[in-house]
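Chemist:
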Amino acid sequence: MSEHIVLIGFMGAGKSTVGRLLSEKLSIQLLDTDAMIEARAGMTISEIFSVRGEDAFRAIETDVLKELAQRQQPAVISTGGGMPMREENRRALRELGSVVYLQVKPETVCERLANDTVRPLLAGGDRRQKVETLLAQRGPVYEETAQLKVDADSQKPEAVAEEILVKLHMDL
Ligand code: S3P
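Under this note's numbering, the very last position in the sequence shown is 810; numbers go up by exactly one each time.
This is the structure:
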């Protein structure tokens, strides 16, 4: 099996942007689990949440990880922020390769996603409160899942990507 680079972390951490930079630098494919889910379901993430519910979305996330496990070519895999919350997903993520946690603070998430309309978990109510509550639950899970943690808060995506390559000894 090949070693993928797997990016995990909260919404707004920059997983997709950093993933794109890494895939360009390494000349390997970028796979985004949210995009794979939308293609599979033929619906947007928001539609899946509203029509089929969050549990159905989480089940597709797990299926997508199983599909990724069959893949031979190394890739950068950008994951949805809730992916590591299931124990079986944590195991599957680690089996895919090097899991990197992009760490951000709640205030940064709120700034970056101030105008977001596509993330159902942030819709309605006190967004700051939602982000703080979810991040408090998820932070330790991200830490437990990843082999590597990178500050994605005070650094630009380019610097985050460089740091990942250096720490994975892929900066040649
Ligand atoms: C989610 C994060 C989203 C997407 C879905 C649920 C979460 O992905 O998978 O809206 O539970 O944190 P991003 O982390 O790419 O925003």
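Virtual Cβ for every residue (Gly too), placed ideally from N, Cα, C.
Computed from a predicted structure; not experimentally measured.
#1: Less than 8 Å between the C-beta atoms of Leu659 and Pro758, yes or no?
#2: Sort Asp754, Ile715, Val702 and Gly720 by Cα distance to Thr655 and report the nearest one.
#3: Since Met649 contacts Leu740 with CB under 8 Å, what's their CB separation in whole angstroms?
#4: Can you look up Gln741 in the DSSP assignment and give me helix, strand or coil?
#5: What residue from Ile666, Ala713 and Ile698 has the CA that sits closest to Val644's CA?
#6: Using the C-alpha atoms, what's the distance from Pro744 back to Arg766?
#7: In chain order, what residues of the same chain lie with their CB nearer than 7 Å to the CB of Ser736, ignoring the 5 residues before and after it?
#8: Rounding to the nearest angstrom, what Cα-Cα distance links Glu726 and Gly763 in this structure?
#9: From Met639 to Arg709, what does the alpha carbon distance come to, in whole angstroms?
#10: Quick one: give me the first and last residue of the beta strand (DSSP E) that Lys794 is part of.
Modeler: Taking the geometry as given:
#1: no
#2: Ile715
#3: Actually they do not touch by this definition, with Cβ atoms about 11 Å apart.
#4: strand
#5: Comparing Cα positions, the closest option is Ala713.
#6: 7 Å
#7: Glu641, Ile643, Val644, Gln785, Leu786 and Leu806
#8: 31 Å
#9: Below a pLDDT of 50, predicted positions are generally treated as unreliable, and Met639, at 45, falls in that range; no measurement from the model is reported.
#10: Unbroken run through Lys794: none, as it is neither H nor E.
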